[in-house]
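Worksheet: one structure, shown below.
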Amino acid sequence: MNGRRSLLVAAVVIGFALSGSSSAADMTKTIRTAFIVAETGFDPQATSDLYSDSLQRAIFETLYGFDYLTRPYKRVPRTAAAMPEITDGGRTWTIRIKPGIRFADDPVFKGKKRELTAADYVYSWKRLIDPKVRSPFAWYVQGKIVGAEPV
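According to the numbering used here, the sequence shown is numbered sequentially starting from 826.
Structure representation (structure tokens):
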């Protein structure tokens, strides 16, 4: 019985070893995933399904994230230069953007890389509360952040 099991395990291992792609993918341009359904979009303000969220998390970098290797977990800056400066009894948050972060070359930027700015985040927040976008996440900020009301 052990001989058969060893033979089966060896066959499976060899099968996996031989099933690899003959050419390497360009890792800078392709995301490969295995989902049971397709994503519904790439707009973080307009999609709310698990599959779209998984892809967006692989594509877009956030202001802050977590360092999961520390105990307890620790919030760390990603595109922010540092943790926010909180003043005025918690009513004013100042977040500085890390310099040198660039968008990919794209025709919308006239084919040139463009540096990330605070205005990009302002635009995203405005889209979040824009009734035309119909974001499922607008309620996160409406009534909680001064000025975060639809126009």
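Every residue, glycine too, gets a C-beta built ideally from N, C-alpha and C.
For Gly890, three-class secondary structure by DSSP: Along the sequence shown, read from residue 1 onward, the residue named residue 890 stands at position 65. The answer is strand: DSSP assigns Gly890 an E or B state.
One or two residues paired with Lys899 in a DSSP bridge: One-based indexing of the sequence shown puts residue 899 at position 74. Answer is Asp892, bridged to Lys899.
Ala905 vs Ile922 beta-carbon contact at 8 Å: On the sequence shown, residue 905 is found 80 positions in, with the first residue counted as 1. On the sequence shown, residue 922 is found 97 positions in, with the first residue counted as 1. The Cβ-Cβ distance between Ala905 and Ile922 falls below 8 Å.
Nearest candidate by alpha-carbon position, reference Ile920, set Phe928, Phe962, Asp945, Arg939: For the purposes of this step, residue 920 is identified with residue 95 of the sequence shown, where counting begins at 1. That would be Asp945, whose Cα lies nearest to the Cα of Ile920.
Neighbour-count burial assignment, Gln967, 16 or more Cβ in a 10 Å radius: Here the question's residue 967 lines up with position 142 in the sequence shown. Exposed is the call here.
Residues near Gly890 by beta carbon distance below 7 Å, same chain, minus five either side: Start at 1 with the first residue of the sequence shown, and residue 890 comes out as number 65. Same-chain partners within the cutoff: Val901, Arg903.
Selected residue, minimal CA-CA separation from Pro869, among Val862, Asp892, Ile954: As a working note, residue 869 is residue 44 in the sequence shown. Among Val862, Asp892, Ile954, the Cα nearest to that of Pro869 belongs to Ile954.
C-beta contact flag for Phe928 and Lys935 at 8 Å: If you number the sequence shown from 1, residue 928 lands on position 103. If you number the sequence shown from 1, residue 935 lands on position 110. With a cutoff of 8 Å on beta-carbon distance, Phe928 and Lys935 are scored as not near each other.
Anticipated Cβ contact below 8 Å, Leu875 with Thr858, distance rounded: Reading the sequence shown from its first residue, position 50 is the one you call residue 875. Reading the sequence shown from its first residue, position 33 is the one you call residue 858. About 11 Å separates the beta carbon of Leu875 from that of Thr858, a gap too long to meet the 8 Å contact definition.
Straight-line gap, Glu886 to Ala973 (C-alpha atoms, nearest Å): Taking the first residue of the sequence shown as position 1, residue 886 is located at position 61. Taking the first residue of the sequence shown as position 1, residue 973 is located at position 148. Approximately 22 Å between the Cα atoms of the pair.
Sequence-distant residues of its chain with Cβ nearer than 8 Å to Pro924 (five each side left out): Taking the first residue of the sequence shown as 1, we reach residue 924 at position 99. Contacts found: Ala906, Glu940.
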